[in-house]
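Numbering (the working numbering), first residue to last: 1 to 313.
Every residue gets a Cβ at the ideal spot worked out from N, C-alpha and C, and that includes glycine.
First up is the structure itself, then whatever we jot down about it.
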Ligand SMILES: [Zn+2]
Ligand SMILES: [Zn+2]
């Protein structure tokens, strides 16, 4: 449809006034959303400092930004300070790793209080578990003759947690795979030498830390979990029952078809809808900031009652 409209625009270029053309372009390429409620810095596995991340968000036209590092809230204070200088409304966030029926799922907390003790302690426990997993992954890679991966991965984990992405970067840099997505398939997923079975937080625990701190629990990128219809319905029902209030509908991890699909599920299960790029830094294979469209019509945005959103809509 995009291409068709482009042709029509060119064909009618000299026949219609510029206002018509502006509307035609608008239909083809809608204004990106000014919201971005999912992003990462070097405090987890992103490549930009919190300062650089906020500066990039400002340059990309983001007006309401959440930093949601994996299992760590150590970048929030710095990001908030820089956001204030750039006239960006900043939302304290976090992305909590959860094990749900042997699968890893992610729960984004928005508007969390970084001082809430159960949240701080819970995240500390997850980070300790991350180190144990990293040791297990390195031992598996040692067994197939890839040595030095623990130190290699930690050399990329500059300010905070260790993640599979850091191992992936080490394996690409040392010539074991051509890019990040190839490295995951070859080494880091279930059944491969660098995979290490690990249990993250419980779903009820993660939701409890977030809501207990005054935040909103949002199921991150549900389209990425490869659940069938029944399992997805079970997850959504359980998430709702445990106090989860929203799901990501528009994210860098979803296709445009999935925007509509998850908008319908949000409506069906009574969830607020969230939107975020999951940006990890330039050249990281994730979508850039300031590129996502608005939520589909009919969604109730997670920011519906937020004072930070009032200046936008
Ligand atoms: Zn995630
Ligand atoms: Zn993320």
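DSSP links residue 251 through a beta bridge to 276. Contact annotation: residue 38 and residue 276 have beta-carbon atoms nearer than 7 Å. Classified as exposed, residue 87 has fewer than 16 neighbouring CB atoms from the shown chains inside 10 Å of its CB. Within 10 angstroms of the beta-carbon of residue 128 lie fewer than 16 other beta-carbons, which makes it exposed. Those residues having their beta-carbon less than 7 Å away from any non-hydrogen atom of ligand 1 are, in chain order, 95, 106, 220, 221, 278.
Selection 201, 293, 71, 302 evaluated against residue 101 yields 201 as nearest (Cα-Cα). The region 63-72 and the region 30-37 touch, with three or more beta-carbon pairs separated by less than 8 Å.
Segment contact: the region 149-160 against the region 128-140, three or more CB-CB distances shorter than 8 Å; contact assigned. A distance below 7 Å between beta-carbons, with the five flanking residues on each side excluded, links residue 207 to the following residues of its chain, in chain order: 107, 217, 242, 243, 244. Leaving aside the five residues that flank residue 126 on each side, the residues in its chain whose CB is nearer than 8 Å to its CB run, in chain order, 71, 96, 97, 200, 201. Ranking 167, 290, 299 by CA distance to the CA of residue 31 puts 290 first. According to DSSP, residue 70 shares a beta bridge with 95. Per DSSP, the continuous alpha helix (DSSP H) segment holding residue 164 begins and ends at 164-173. In this structure, residue 292 keeps its C-beta atom at 7 Å or more from the C-beta atom of residue 301. Here residue 142 carries a helix assignment [DSSP, helix/strand/coil].
The alpha carbon of residue 308 has as its nearest neighbour, out of 267, 194, 62, 123, the alpha carbon of 62. Secondary structure of residue 105 (DSSP, three-state): strand. When only Cα atoms are considered, residue 81 and residue 57 end up about 14 Å apart. The straight-line gap separating the alpha-carbon atoms of residue 306 and residue 273 is approximately 14 Å. For a cut-off of 8 Å, the C-beta gap from residue 223 to residue 258 is around 4 Å, short enough to register as a contact. Here residue 104 is exposed: its Cβ has fewer than 16 other Cβ atoms, across all protein chains shown, within 10 Å. Between residue 157 and the set 238, 44, 231, 185, the nearest pair of CA atoms involves 44.
No Cβ-Cβ contact shorter than 7 Å links residue 235 with residue 269. For residue 218, the enclosing beta strand (DSSP E) has its first and last residue at 216-219. In terms of Cβ geometry, residue 215 and residue 109 form a close pair [threshold 7 Å].
Rounded to whole angstroms, residue 267 and residue 297 show a C-alpha spacing of 11 Å. The C-alpha of residue 145 is placed about 42 Å away from the C-alpha of residue 92. If you keep only unbroken alpha helix (DSSP H) runs of at least 4 residues inside the region 169-203, you get 180-183. Taking a C-beta distance under 7 Å as the contact criterion, residue 212 and residue 118 qualify as a contact pair.
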